[in-house]
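Structure, as C-alpha cells:
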Amino acid sequence: MEQIEMLWEFQQADMEADTLETEIKRSPNRLALKKNRDFLLEQQTAVRQIEEEVAQMLDRVDIIKDAILLQQEQLKALQARLEENPPANLEEAQAFAQDAQRLVGGIQSYEQEMRRIQQEAADHERAQKEITVKFSRVRAEYETQKIAYEDEYKEQMKALEDKRHAAQEKGKDIDPNLMERYQTIKKHCVPPVAKLVDGQCGGCYMGLPQVTLRNLKSGAKLIECESCGRMIIQL
Ligand SMILES: [Zn+2]
256 MEQIEMLWEF QQADMEADTL ETEIKRSPNR LALKKNRDFL LEQQTAVRQI EEEVAQMLDR
316 VDIIKDAILL QQEQLKALQA RLEENPPANL EEAQAFAQDA QRLVGGIQSY EQEMRRIQQE
376 AADHERAQKE ITVKFSRVRA EYETQKIAYE DEYKEQMKAL EDKRHAAQEK GKDIDPNLME
436 RYQTIKKHCV PPVAKLVDGQ CGGCYMGLPQ VTLRNLKSGA KLIECESCGR MIIQL
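The sequence shown begins at 256 in this note's numbering and counts up by one.
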C-alpha cells in the first residue's frame with residue numbers, strides 16, 4: 256500500500272480514537288462524578304474556613320473574659336477605696352462616679368461584644384452542621400457513583416486502548432517524516448489530511464491555485480493547502 260493511502264487509513268483510525276476519548280471525557284456519569292467531587296472539595300474548604308473563624312472567635316472570647324475580669328476587679332478596688340475614703344466633697348464624689356461609670360460602661364460593651372460573638376459562633380455551628388449533613392449525603396452518592404463508574408471506566412479505557420492500538424497498527428509503516436508532519440499539523444488543524452474535492456481543499460473548502468493543481472495532475476501525491484496548512488491528497 257502506498258504511503259498516502261496508509262496515511263489516510265491511519266487518520267481514520269486516529270480520529271476514531273480521538274472521538275472516543277472525547278466521548279469518554281464527556282460521559283454523563285463521569286461529569287456527574289466530577290460535579291460531586293468538586294462539591295465535596297468545596298464543602299471541605301468551607302468547613303475548614305468556618306472552623307478557623309470559630310477558633311478566632313473563641314480566642315477573642317477568652318480575651319474579652321480576661322478584660323471583663325480585670326475591669327470588675329478595678330471596680331471592686333474603686334468601691335473599696337470609696338468605703339475606706341468616702342469623698343470629702345462633691346467634686347471627689349463626681350470623680351468617683353465617673354470612674355465607676357467608665358468601668359461599668361466598659362464591662363457592658365465587652366459583654367455586648369461577647370453576646371454578639373456567641374450568636375455568630377452559634378450561626379457558624381449551625382451552618383457547619385448543615386454542611387456536614389449534606390456532605391455525608393453527597394459523599395455516599397459519590398462513593399456509589401464511583402464504584403459504578405469504575406467498571407464503566409475500565410471498559411471505556413479498554414475500548415480506547417483497542418482503538419489506539421488499531422491506529423498504531425495502521426501507522427506503523429508510515430514514513431516517520433510524514434508522520435511527524437501529520438502530528439505537527441494536527442496541533443492546529445483536525446483532521447490534518449484532507450482529500451482534494453473539485454479542485455478545493457476538502458478540509459477548509461478553499462480553492463487551490465492552478466499551479467498547485469497542476470502539480471497534483473503531474474503526479475505529486477501530496478500538496479499543502481495554503482489556506483489551512485492541511486496535507487491534501489489525491490487517492
Ligand atoms: Zn485547506
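Ideal Cβ positions, reconstructed from N, Cα and C, are used throughout, including at glycine.
Since the structure is predicted, the reported quantities are computational estimates derived from the model, not experimental observations.
>> Can you check which of these residues, Ile478, Gly474, Ser482, is closest to Tyr460 by C-alpha distance?
In response: Walking along the sequence shown from the start, residue 460 turns up at place 205. Of the candidates Ile478, Gly474, Ser482, Ser482 places its Cα closest to the Cα of Tyr460.
> Is the beta carbon of Ala449 within less than 7 Å of some heavy atom of ligand 1?
Replying inline: By 1-based counting over the sequence shown, the position of residue 449 is 194. Ala449: yes, Cβ under 7 Å from ligand 1.
>> I need the straight-line Cα distance from Lys401 to Trp263, nearest angstrom please.
In response: Position 146 of the sequence shown holds residue 401. Position 8 of the sequence shown holds residue 263. So the alpha carbons of these two residues sit roughly 39 Å apart.
> Which residues share a DSSP beta bridge with Ile478?
Replying inline: Along the sequence shown, read from residue 1 onward, the residue named residue 478 stands at position 223. Beta-bridge annotation (DSSP): Ile478 is paired with Ile487.
> Just checking my contact of Ala382 with Met312 at CB under 8 Å: how many whole Å lie between their CB atoms?
Replying inline: For the purposes of this step, residue 382 is taken as residue 127 along the sequence shown, with counting starting at 1. For the purposes of this step, residue 312 is taken as residue 57 along the sequence shown, with counting starting at 1. Not confirmed; about 13 Å, so no contact.
> Based on the DSSP secondary-structure assignment, which residues constitute the bridge partners of Gly462?
Replying inline: Sequence index remark: in the sequence shown, residue 462 carries index 207 (1-based). Paired residue(s): Gln455.
> Closer than 6 Å from C-beta to any heavy atom of ligand 1: which residues, in chain order?
Replying inline: Residue selection by CB proximity (closer than 6 Å to any heavy atom of ligand 1) returns Cys456, Gly458, Cys459, Met461, Cys480, Ser482, Cys483, Arg485 in chain order.
> Between the C-alpha atoms of Asp453 and Met434, what's the straight-line distance to the nearest angstrom?
Replying inline: Position 198 of the sequence shown, counting from 1, holds the residue named residue 453. Position 179 of the sequence shown, counting from 1, holds the residue named residue 434. Asp453 and Met434 have their alpha carbons spaced roughly 26 Å apart.
>> Rounded to the nearest angstrom, what separates Asn284 and Val448 at their Cα positions?
In response: Indexing the sequence shown from 1 puts residue 284 at position 29. Indexing the sequence shown from 1 puts residue 448 at position 193. In this structure, the straight-line span from the alpha carbon of Asn284 to that of Val448 is close to 33 Å.
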